[in-house]
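Here's the structure, in structure tokens; my notes come after.
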Amino acid sequence: MSRRYLIAGNWKMNKTAAEAAVLVKGIVDQAGSESAVDVAVCPPFTALDAASRALKGSKVALGAENMYPKASGAYTGEISADMIKEFGCEYVILGHSERREYFKESDAFINEKVKAALASGLKPILCVGETLQQREAGTTIDVVSTQTKGGLDGVSAAEVEKVVIAYEPVWAIGTGKTATPEMAQEVHAQIRAILSSIFGEDGAQKVRILYGGSMKPENADALLAEKDIDGGLIGGAALKADSFVSLVNSAVKAAAK
Ligand code: 13P
Numbered sequence: 212m213s214r215r216y217l218i219a220g221n222w223k224m225n226k227t228a229a230e231a232a233v234l235v236k237g238i239v240d241q242a243g244s245e246s247a248v249d250v251a252v253c254p255p256f257t258a259l260d261a262a263s264r265a266l267k268g269s270k271v272a273l274g275a276e277n278m279y280p281k282a283s284g285a286y287t288g289e290i291s292a293d294m295i296k297e298f299g300c301e302y303v304i305l306g307h308s309e310r311r312e313y314f315k316e317s318d319a320f321i322n323e324k325v326k327a328a329l330a331s332g333l334k335p336i337l338c339v340g341e342t343l344q345q346r347e348a349g350t351t352i353d354v355v356s357t358q359t360k361g362g363l364d365g366v367s368a369a370e371v372e373k374v375v376i377a378y379e380p381v382w383a384i385g386t387g388k389t390a391t392p393e394m395a396q397e398v399h400a401q402i403r404a405i406l407s408s409i410f411g412e413d414g415a416q417k418v419r420i421l422y423g424g425s426m427k428p429e430n431a432d433a434l435l436a437e438k439d440i441d442g443g444l445i446g447g448a449a450l451k452a453d454s455f456v457s458l459v460n461s462a463v464k465a466a467a468k
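The numbering used here numbers the first residue of the sequence shown as 212 and each following residue consecutively.
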């Protein structure tokens with residue numbers, strides 16, 4: 212089963228609308244017609260409009276970094292699926308470890324968002340991953356399993372094809388410490404086994420599992436060569452057109468093998 216690679220940039224709380232237009236232009240100029248792999252940028256809400264305009268006519272997709280599961284109503288400060296779709300978002304990142312940590316998001320709440328995203332036609336990028344403490348305690352697989360099963364509770368085998376999982380070991384995010392390709396592959400294979408136990412082997416083979424955590428041009432080729440690593444969710448290296456495009460090119464190379 213050949214899954215299309217996806218290189219997605221998670222900009223986090225970086226870039227104003229004006230800065231986003233410049234960054235997206237840089238990406239589109241170099242990688243805007245790339246069709247061998249999927250490419251997406253996920254800017255903050257306030258830059259979605261500018262990014263969407265700058266992406267027009269290119270093959271680069273747009274995503275948001277979060278959303279609220281309700282359709283509308285008295286939820287001050289929150290953003291619905293329809294609001295991000297208005298800018299042409301195809302993807303939405305859900306359950307990032309920073310949201311789990313700083314905003315105390317639970318698996319049940321993330322699951323509500325995953326289901327709401329799917330119901331409105333968005334592709335959720337569901338993030339899972341262990342902390343350093345959990346890795347050292349030997350509970351990595353338990354943690355990732357609970358997060359994966361919890362996040363996907365009630366999702367059907369037909370719907371799961373639209374879901375992207377991002378394995379992001381928390382200790383590797385923004386630290387410069389990357390999981391070795393072997394370490395990452397081991398967890399990716401376990402995630403696929405978990406998916407297979409829920410959705411069957413066919414369903415599991417269709418889900419893309421991205422690696423995230425200090426992925427950069429220097430380590431991307433080795434990570435993307437692993438059998439169950441289907442792309443990357445990129446933080447720091449997504450904030451400069453050159454490094455992001457270099458990761459896209461690594462995925463193009465990996466796809467050609
Ligand atoms: P870095 O690439 O900066 O480590 O961030 C990874 C990440 O959190 C992507 O969602």
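In this text, a Cβ means the ideal position worked out from N, Cα and C, and glycines have one as well. In this text the structure is predicted, and so the values were computed from the model without any measurement.
- For histidine 307, the shortest separation between its Cβ and any heavy atom of the ligand 13P lies below 7 Å.
- Valine 248 is not a Cβ neighbour of valine 235, given a cutoff of 8 Å.
- Looking at the backbone, the Cα of valine 303 and that of glutamate 276 are separated by about 6 Å.
- In the DSSP assignment, alanine 275 is bridged to Val303.
- By the Cβ-count criterion, arginine 403 is buried, with 16 or more other Cβ atoms from all chains shown falling within 10 Å of its own Cβ.
- In the same chain as glutamate 316, and ignoring 5 residues on each side of it, the C-beta atoms closer than 6 Å to its own belong to Arg310, in chain order.
- Across the structure, leucine 273 and cysteine 300 are spaced so that their CA atoms are roughly 5 Å apart.
- As DSSP reads the structure, alanine 377 sits in a beta bridge with Cys338 and Leu421.
- Remark: the C-beta of asparagine 460 is outside contact range of the ligand 13P, defined as less than 7 Å to any heavy atom.
- If you check the CB distance, valine 374 and leucine 337 come in under 8 Å.
- Counting other Cβ atoms within 10 Å of its Cβ, serine 283 stays below 16 and is therefore classed as exposed.
- In this structure, leucine 363 has its CB at a distance of at least 7 Å from all heavy atoms of the ligand 13P.
- Annotation: leucine 406 to aspartate 353 spans about 14 Å, alpha carbon to alpha carbon.
- Taken through DSSP and simplified to helix, strand or coil, isoleucine 290 comes out as coil.
- At a cut-off of 7 Å, the beta-carbon of methionine 426 counts as near the ligand 13P: some heavy atom of the ligand is closer than that.
- Contact check for valine 325 and valine 355: beta-carbon distance about 16 Å, past the 8 Å limit, so the pair fails to qualify.
- In this structure, the ligand 13P has a non-hydrogen atom nearer than 7 Å to the beta-carbon of glutamate 379.
- Of all alpha-carbon atoms in Gln401, Lys417 and Ser308, the one lying nearest the alpha-carbon of glycine 423 is that of Ser308.
- For asparagine 221, the enclosing beta strand (DSSP E) stretches over residues 217-221.
- Comparing alpha carbon positions, the residue from Arg264, Ala368 and Arg214 closest to glutamate 297 is Arg264.
- By the criterion of at least three beta-carbon pairs nearer than 8 Å, the segment 236-243 is not in contact with the segment 425-440.
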